[in-house]
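Working notes, structure below.
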Amino acid sequence: MNNVVLEAKNIQKSFTDGKTTVNVIRDLSLQVMQGEFVSIVGSSGSGKSTLLHVLGGLERPNEGMVFLNGQRFDSLGEAERGFQRNEHLGFVYQFHHLLPEFTALENIAMPLMLRKGADFKKVKERAEYLLERVGLSHRMTHQPGELSGGERQRVALARALVTQPKVMLADEPTGNLDRKTAISIFELLSDLRNEFNMSMLIVTHDEQLAKSANRILHMQDGVWV
5 MNNVVLEAKN
15 IQKSFTDGKT
25 TVNVIRDLSL
35 QVMQGEFVSI
45 VGSSGSGKST
55 LLHVLGGLER
65 PNEGMVFLNG
75 QRFDSLGEAE
85 RGFQRNEHLG
95 FVYQFHHLLP
105 EFTALENIAM
115 PLMLRKGADF
125 KKVKERAEYL
135 LERVGLSHRM
145 THQPGELSGG
155 ERQRVALARA
165 LVTQPKVMLA
175 DEPTGNLDRK
185 TAISIFELLS
195 DLRNEFNMSM
205 LIVTHDEQLA
215 KSANRILHMQ
225 DGVWV
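Position 216 of the sequence shown, counting from 1, maps to 220 under the working numbering, and the rest follow consecutively.
In structure tokens:
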């Protein structure tokens with residue numbers, strides 16, 4: 005693991021509410037190496053989710069820089085950042101954000117179908133493989149409303165992997181699940197990271213689950229502690 009795939013340099017992020025400015029991230033730096041599994045733990049309001057949004061190009065930092073595969077990422081225009089996200093990043097959230105009118109297979113295939121010139125047959129084969137990999141090949145034609153919470157999160161995980169991302173960003177991926185299901189999802193994340201040789205950055209408040217990572221970072225009030 006000697007290649008940096010995702011890097012933040014001296015990131016600062018603040019939000020203004022009326023006349024009040026809230027500093028959420030304060031001069032924070034981070035490197036994620038190829039194939040590395042990093043977990044970020046901290047209490048609610050410590051800035052973890054905001055950091056993930058900045059790293060994933062969903063929000064711009066007020067100061068500092070973000071690099072993806074060695075290239076400046078945060079300064080790109082909205083369309084180009086969207087393209088880079090689709091090409092290189094996978095996202096999993098606490099709430100699955102699946103499209104309710106589509107089947108499990110269609111939800112997984114969606115990120116690839118958005119690409120220009122997508123080969124439907126190959127996309128379908130890829131989505132079917134990932135459904136099988138997360139143990140849900142028998143739920144292929146079911147819509148999200150017909151799936152359990154753990155099953156929906158497995159579909160969301162497969163969707164994040166369908167583009168074969170360099171980096172997986174996960175924001176409290178087990179926070180909405182019971183303990184047994186949370187452990188199974190975390191174990192699945194670890195297995196898939198190894199299978200696809202991708203880096204993974206997970207935000208969680210659960211230090212016990214976070215211990216399976218290669219590296220644990222603790223965040224409080226927008227800084228490492």
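A virtual CB, placed ideally from N, CA and C, is assigned to each residue, including glycine.
Residues near residue i in its chain [Cβ-Cβ closer than 7 Å; skip 5 each side]
| i | result |
| --- | --- |
| Ala164 | Gly94, Phe95, Val96, Met172 |
| Pro169 | His92, Leu93, Gly94, Met202 |
| Asn218 | Glu40, Phe41, Val42 |
Cβ-Cβ separation, residue j to residue i (assumed contact under 8 Å), whole Å
| i | j | result |
| --- | --- | --- |
| Arg137 | Phe41 | Going by Cβ atoms, the distance from Arg137 to Phe41 rounds to 18 Å, so no, they are not a contact pair. |
| Leu118 | Asn111 | Leu118 to Asn111, Cβ: 12 Å. No contact. |
| Leu193 | Pro177 | 7 Å |
| Lys126 | Ala113 | So it is not a contact: roughly 10 Å between Cβ atoms. |
| Asn27 | Ser18 | 5 Å |
| His100 | Val159 | 7 Å |
| Asn66 | Gln98 | Between Gln98 and Asn66 the Cβ distance is about 25 Å, and since that is not below 8 Å, they are no contact. |
| Leu181 | Gly149 | About 17 Å separates the two Cβ atoms, so there is no contact after all. |
Boundaries of the alpha helix (DSSP H) in which residue i is found, first to last residue
| i | result |
| --- | --- |
| Gln157 | 153-165 |
| His92 | 82-92 |
| Ser203 | Taken as a continuous stretch (DSSP letters only), Ser203 belongs to no alpha helix (DSSP H), being part of the beta strand (DSSP E) at 203-208. |
| Ala113 | 108-117 |
| Val171 | Segment 171-175 is the beta strand (DSSP E) holding Val171; no alpha helix (DSSP H) there. |
| Val229 | Segment: none, Val229 is in no alpha helix (DSSP H) and carries neither H nor E. |
| Glu136 | 124-137 |
| Lys184 | 183-200 |
| Gln212 | 211-214 |
Beta-carbon contacts of residue i that lie in its chain and below 8 Å, excluding the five residues immediately before and after
| i | result |
| --- | --- |
| Gln224 | Gly46, Ser47, Ser50 |
| Glu105 | Gln147 |
| Ser53 | Asp175, Glu176, Val207 |
| Leu59 | Leu10, Ala12, Leu34, Val70, Leu173, Leu205 |
| Asn90 | Pro115, Leu118, Arg119, Thr167 |
Range covered by the beta strand (DSSP E) that runs through residue i
| i | result |
| --- | --- |
| Gln224 | 219-224 |
Residue i, buried or exposed, once every other Cβ within 10 Å from all chains shown has been counted against 16
| i | result |
| --- | --- |
| Ala122 | exposed |
| Gln212 | exposed |
| Phe77 | buried |
| Val229 | exposed |
| Glu155 | buried |
| Leu162 | What sits at residue 162 in the sequence shown is Ala, not Leu. Buried is the call here. |
| Gln75 | exposed |
Sequence-distant residues of its chain with Cβ nearer than 6 Å to residue i (five each side left out)
| i | result |
| --- | --- |
| Leu56 | Leu173, Asp175, Val207 |
TODO: Within the region 7-77, note down every full alpha helix (DSSP H) run reaching 4 residues or more, in order along the chain.
DONE: List check, alpha helix (DSSP H) in window: 52-59.
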